[in-house]
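Every position in the sequence shown, counted from 1, becomes a number in my numbering once 26 is added.
What follows is a short report on a single structure.
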Amino acid sequence: MTLKDGKTGAKLRIEALADSPLKERLLTMGLLPGTVVTVLRAAPLGDPMAISVRSYNLALRRADAANIEVTTIH
Numbered sequence: 027m028t029l030k031d032g033k034t035g036a037k038l039r040i041e042a043l044a045d046s047p048l049k050e051r052l053l054t055m056g057l058l059p060g061t062v063v064t065v066l067r068a069a070p071l072g073d074p075m076a077i078s079v080r081s082y083n084l085a086l087r088r089a090d091a092a093n094i095e096v097t098t099i100h
């Protein structure tokens, strides 16, 4: 499953980031494997989506979220 598929309110653990031009930037923003993120909401047309990571909120395009592998936390 990728972060793009996360539903509003879902708590997800990052497993891996696929190689992409944005990978290094995402890693420096705290999107490291093992980090728990919460999907907050999506914009009215679905893009971008807002997530809570560590102590801040981040808006992320769905195309970029598709490069982040996650698992669901119950």
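C-beta: ideal position from N, C-alpha, C; glycine also.
Note that the structure is a prediction, hence the values are computed from the model and not measured.
Reference residue i; option with closest CA among the options
{"i": "Ala36", "options": "Ala42, Leu43, Met27, Ala44", "result": "Met27"}
{"i": "Val62", "options": "Ser81, Asp90, Ala89, Arg88", "result": "Ser81"}
{"i": "Asn93", "options": "Ser78, Lys33, Ala42, Gly32", "result": "Ala42"}
{"i": "Gly32", "options": "Ala85, Leu66, Leu71, Asn83", "result": "Leu66"}
{"i": "Asn83", "options": "Thr64, Lys49, Ser46, Gly72", "result": "Thr64"}
{"i": "His100", "options": "Ala68, Leu38, Leu29", "result": "Leu38"}
{"i": "Pro47", "options": "Thr97, Asp90, Ala76, Glu95", "result": "Asp90"}
{"i": "Thr97", "options": "Gly60, Pro70, Ile77", "result": "Gly60"}
Contact belief for residue i with residue j at Cβ below 8 Å, rounded distance in angstroms
{"i": "Ile40", "j": "Leu58", "result": "7 Å"}
{"i": "Ala68", "j": "Thr34", "result": "7 Å"}
DSSP state of residue i mapped onto helix, strand, coil
{"i": "Lys49", "result": "helix"}
{"i": "Lys30", "result": "helix"}
{"i": "Ala68", "result": "strand"}
According to DSSP, residues forming a beta bridge with residue i
{"i": "Ala42", "result": "Glu95"}
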